[in-house]
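For reference, the structure is listed below as structure tokens.
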Amino acid sequence: MKDPEEHQVKSRRPLPKPTERRRRCRRRSQCKPEKLQETELHPQLPSSATPKSLMFHQRPGYGQLGTKCLVKANHFLADISVSDLSHYNVKITPEVTSRKTSKAIIAELVRVHRNTDLATRLPVYDGGRNLYTAGLLPFTYKEFNVTLSEDDDATSGTRERKFKVVIKFATHVSMHQLRDLLSGKQVNNPQEALTVFDIVLRELAAQSYVSIGRFLYSPDVRKPQQLGGGLESWRGFYQSIRPTQMGLSLNIDMSSMAFIEPLPVIDFVAQILGKDVHSKLLSDADRVKIKKALRGVKVEVTHRGNFRRKYRISGLTSQPTRELIFPLDEQMNMKSVVDYFQEMYGFTIKYSHLPCLQVGSQRKLNYLPMEACKIVEGQRYTKGLNEKQITSLLKFSCQRPREQEADILQTMQQNNYDNNPYAKEFGISIDNKLASVEARVLPPPWLKYHDTGREKEYLPQVGQWNMMNKKVINGSTVRYWACINFSRSVQESTARGFCQQLVQMCQISGMEFSQDPVIPIYSARPDQVKKALNYVHSAAMDKLCGKELELLIAILPDNNGSLYGDLKRICETDLGLISQCCLTKHVFKINRQYLANVALKINVKMGGRNTVLLDALSWRIPLVSDIPTIIFGADVTHPESGEDSCPSIAAVVASQDWPEVTKYAGLVCAQPHREELIQDLFRSWKDPQRGVTYGGMIRELLLSFKKATGQKPLRIIFYRDGVSEGQFYQVLLYELDAIRKACASLEPSYQPPVTFVVVQKRHHTRLFANNHDDRNSTDKSGNILPGTVVDSKICHPSEFDFYLCSHAGIQGTSRPAHYHVLWDENNFTADEIQSLTNNLCYTYARCTRSVSVVPPAYYAHLAAYRARFYMEPDVVEISKLRGTRSKEGSVRALPALKEKVKNVMFYC
């Protein structure tokens, strides 16, 4: 955490009264568009905020728009009576690296000394250096000697380990700041007090559950489900204390996680390889696969009766067990592993053709036969899941709202906080009822379609509609197109029939689309993707006398490995060609809804618009329609866990039309591994000829907006996805400053007001209908209605945030998006930002549904995901093999998007 004084606040300028703001907006809208010109040099770039002048925007009031209703939230009111928390530092000698061992040491200390030296206090311990008590201990410094019993390998019995534990008073944990925050005062987040209460409520559960951060899992919550490949899913719950308007709230949510199945190692290996390994020799490829899957996994030995010593696997021998020998003593008398296990333990190795597990350090390696080991229960699987495993995990965790609510209430009952000794010690009592919250259902927006369709305007019902009797408002033109068929099972006549139907659907949807491809459909092998693309591209150019192909339709096998990514990389960064991929299963089973969705995607990729908000065309969107406004979306995607060297990918999209705000151009860049701050928003460098030069994604998108609309943006709305609460200050400081500098680099005085909104989907608040049987308050899936917004009770005590469920549920329980307005120089009211955000969710280009996240943030996520394919395959492999984290200077830049591609919605 930064020092408290670093966050003390003042806005860049006093906020005008609403009437003053309206007058100012009207004056601005009457002004002629100002010319945006690039400046080579400018004075010191202004920064909107420094650490000492930053505080998040305060709630301007509550929303009133929409139909009022009641919903239930998975928040439980927590009452805390304790007024005095103390923090002590803990030092254990000799040093212990295992949190489990550290906790066992402190638990033993408390058991022995609680009624004497600890004056009956029951402390909580975080497993590291911090111990907390309610009130003071009778000392400020004390040393304890603790004896811990554990398994001994040499004697097959137990041995005693002695530790010295020093407990030293550190500080009082202030409750004053927490009370101020809960009363609605503008203070910094009292993180330490909240952390203490999180530890207190987790302490008892962690003794019987597997604790992973704020999640707790057990095979007893629900019977584990096999996921395949030696994995199983466990059910558990998430638990966190949060400051809200109703007071402190305990947020409980259900969760599922992949764990390694506690199988005998031989059975696990058989599942990994998908074949029997009891008799057949392993190939080198098998050995590599097993080594990757088993490295770091904890096993227990089974050849010594009740003595179950645990080891962590460090590797796999390259030779089979029957060939392994090792020095028995310092005189280097050699012994085979087979003979050793027979003589020492009377254990006959049956499967000596299999390699041995290597355990221990490289300095002192031990060999364990696979058949003498079993995987220890309760190990979370941290590597990537395959598609089949993901599908199984989602199926296991998917619950209808009524079931999820029942499970949450059952978890509360099982946790039995009323009788939790730690909760009692710290004066915490938890209400056992779900919070009842006032909500509003915002009205859906009217959508505008083309006047030549039978339905020119449409009001969506319950978050979904279709293209029947409608034509896209701006149909694009496709004159020159081609098709490559990469699927062996699709005959040329089938491919031709599919393309004809797709062309027809595009024409019905309102696009101008040439009936025939430039060249006949070309069939190619998936491993010849580059050759096929180059051939079709050049053959089309020859046929068109130098004119370029506009669209490529590609038919791919259903399981196509790297083909999709390779095709997109070559088309978008090499050839400058827009492509639309279609899977074989859709080619064989032609579905009109599928064709209609593909037509929507092709239209926006080719520069068209599918629909526009009617209010946008009639200049009626508050704080968007009055002056030229640009809406940004930004996201950073990180490599999956287990890959600790691949770069992160940042993407920024920005609207390129006004007043419609429907088309979004996108830019992407690679940055250091797991870096959340977007590094390339703005940059400057010294050019030998031109002097100081400016660039970056914000600057480029501002210039392209000016080029597309003829006007410069006079207002910026920035939706930022993928930021956790702990990163709010850092991201806002860095990225708001980059936006300011990008603007000033175009004109020194150019500083349009900025609204910076963080969008979160990875939170654990769920909203349920107040009455599950009331069909008027739920959609078909039993979820709350699209447009449901909550900005009271479970929201932040003073800051400007709200939950919005903008989409209709399909299966499972809908997750509302959480929007947090961190900075707002445009002075949106609650109704204005909530209805703008909800209405934009109906403009998502890829389907006729309102979506769960505001489209600019959604598009940024799609663009970042797409850009992961742009990394050359050899670069990805090299970075994986290195196993070292990238440093800022060593991140290899992504290949640049071609001009033709980056100004359209290529990522759709």
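When the letters of the sequence shown are read in order and numbered with the UniProt record's numbering, they come out as residues 1 to 908.
Just so it is clear, CB atoms sit at the ideal spot from N, CA and C, and this is done for glycine as well.
- Per the coordinates, the alpha-carbon of ILE784 lies some 30 angstroms from the alpha-carbon of SER625.
- A Cβ-Cβ distance of about 40 angstroms is found for the pair ASN603 and SER792, leaving them out of contact under the 8 angstroms criterion.
- For the pair ILE649 and LEU595, the Cα-to-Cα distance works out to about 31 angstroms.
- Sequence-distant partners of TRP619 (beyond 5 residues in either direction) whose C-beta falls short of 7 angstroms from its own C-beta, in its chain, are SER625, PRO659.
- Taking the Cα positions, ALA134 is about 10 angstroms away from ALA423.
- The alpha-carbon of TYR340 is positioned some 34 angstroms away from that of THR147.
- Distance from the CA of TYR750 to the CA of ILE739, rounded to the nearest whole angstrom, comes to 11 angstroms.
- By the criterion of a C-beta distance shorter than 7 angstroms, LYS585 is surrounded in its chain by ASP558, once the five residues flanking it on both sides are discounted.
- Here GLU95 is exposed: its Cβ has fewer than 16 other Cβ atoms, across all protein chains shown, within 10 Å.
- Counting only unbroken stretches of 3 or more residues, the beta strand (DSSP E) elements lying wholly within the UniProt domain "PAZ" (264-377) are 298-301, 310-320, 325-327, 334-336, 355-360, 365-369, 373-375, in sequence order.
- When C-alpha distances from PHE800 are compared across GLN186, PRO320, LYS589, the shortest belongs to GLN186.
- DSSP places TYR238 inside the beta strand (DSSP E), whose first and last residues are 231-244.
- Of the residues ALA532, ASN591, ALA258, ASP542, the one whose Cα lies closest to the Cα of LEU563 is ALA532.
- Beyond the five residues adjoining it in sequence on each side, SER149 comes within less than 6 angstroms, by CB distance, of THR158, GLU160 in the same chain, given in chain order.
- The beta carbon of LEU131 is closer than 6 angstroms to those of TYR88, VAL90, PRO123, TYR125 in its chain, skipping five residues each way along the sequence.
- At the C-beta level, LYS471 and LEU617 stay beyond 7 angstroms of one another.
- Contact annotation, ALA524 with ILE484: C-beta distance approximately 6 angstroms; criterion of less than 8 angstroms satisfied.
- In this structure, the alpha-carbon of ILE390 lies about 12 angstroms from that of CYS398.
- Rounded to whole angstroms, the gap between the alpha carbons of LEU736 and ALA670 is 20 angstroms.
- The beta-carbon separation of CYS499 and ILE521, rounded to 7 angstroms, stays under the 8 angstroms limit for a contact.
- Look at TYR694 here: in three-state DSSP terms it is strand.
- Per DSSP, CYS398 lies in no beta strand (DSSP E) and is assigned neither H nor E.
- Nearest to SER436 by C-alpha distance, out of ALA860, ALA830, HIS861, CYS69, is CYS69.
- Boundaries of the alpha helix (DSSP H) harbouring LEU736: 728-746, taken from the DSSP string.
- Around the beta carbon of CYS545, fewer than 16 other beta carbons lie within 10 angstroms, which makes this residue exposed.
- In the DSSP assignment, LYS162 forms a beta bridge with THR147.
- The three-state secondary structure of PHE705, taken from DSSP, is helix.
- A residue is called buried once 16 or more other Cβ atoms fall within 10 Å of its Cβ, and ARG479, having fewer, is exposed.
- Beta bridge pairing from DSSP links ASP198 with no other residue.
- The beta carbons of ARG380 and PHE259 sit closer together than 7 angstroms.
- Taking the Cβ atoms as the reference, VAL299 lies roughly 16 angstroms from ILE349, outside the contact range of under 8 angstroms.
- Contact annotation: LEU613 and ASN839 have beta-carbon atoms nearer than 7 angstroms.
- According to DSSP, GLU203 shares a beta bridge with no other residue.
- A direct Cα-Cα distance of roughly 7 angstroms separates SER233 from LEU227.
- DSSP lists ASP635, VAL668 as the bridge partner or partners of ALA651.
- DSSP places ILE430 in the strand class (E or B) of the three-state scheme.
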